[in-house]
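In what follows, a single structure is set out as structure tokens and then discussed.
In the working numbering, the protein residues as written are 14 to 109.
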């Protein structure tokens, strides 16, 4: 998986999403109320990171057999998804 992701544009960001978790969306204070920034308010780098968090999840999901996909499809974050898959695949011929 690592080699595949590193050969894609922004592959390092995709891989970091899997290894470290998704972007922690910054907050902004508006009229004394703190809220998360909207996508349109993110900086260029933050927007790219948010986009590639989604791409990381999609890349992982596309490579799964249907029976594994069924078990993990409720996870929306690539890091959590990948950790769950690793746990499910422990001890199988695919992890050796």
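We put the CB at the ideal spot given by N, CA and C, even for glycine.
> In three-state DSSP terms, what is residue 109?
Replying inline: By 1-based counting over the chain shown, the position of residue 109 is 96. Low per-residue confidence applies at residue 109: pLDDT is 48, beneath 50, and the placement is therefore not dependable enough to give any value.
> Who are the near neighbours of residue 80 in its chain, counting only those whose CB is closer than 8 Å to its CB and skipping five residues on each side?
Replying inline: Position 67 of the chain shown, counted from the start, is the residue given in the question as residue 80. Taken in chain order, the list of residues that qualify is empty.
> What are the partner residues of residue 48, as DSSP defines its beta bridges?
Replying inline: Here residue 48 refers to the residue found at position 35 when the chain shown is read from its first residue. For residue 48, which the question treats as bridged, DSSP gives the partners 41.
> So what's residue 64 in DSSP terms, helix, strand or just coil?
Replying inline: Taking the chain shown and counting its residues from 1, one reaches residue 64 at position 51. Residue 64 falls in the helix class under three-state DSSP.
> Looking at the structure shown, is residue 103 part of a helix, part of a strand, or coil, going by DSSP?
Replying inline: Walking along the chain shown from the start, residue 103 turns up at place 90. Correct three-state label for residue 103: coil.
> What's the gap between the Cα of residue 108 and the Cα of residue 56?
Replying inline: The residue labelled residue 108 in the question sits at position 95 within the chain shown. The residue labelled residue 56 in the question sits at position 43 within the chain shown. Annotation note: pLDDT 49 at residue 108 (below 50); position unreliable, coordinate value reported separately. If you take the alpha carbons of residue 108 and residue 56, they lie about 38 Å apart.
> Which residues mark the beginning and the end of the alpha helix (DSSP H) in which residue 83 is found?
Replying inline: By one-based count along the chain shown, residue 83 stands at place 70. Residue 83 -> alpha helix (DSSP H) spans 79-85.
>> Looking at residue 36: is its Cβ nearer than 8 Å to the Cβ of residue 69?
In response: On the chain shown, position 23 is the one that residue 36 refers to. On the chain shown, position 56 is the one that residue 69 refers to. No, Cβ-Cβ distance for residue 36 and residue 69 is not below 8 Å.
> Do three or more CB pairs link the stretch 37-53 to the stretch 82-91 at distances below 8 Å?
Replying inline: no
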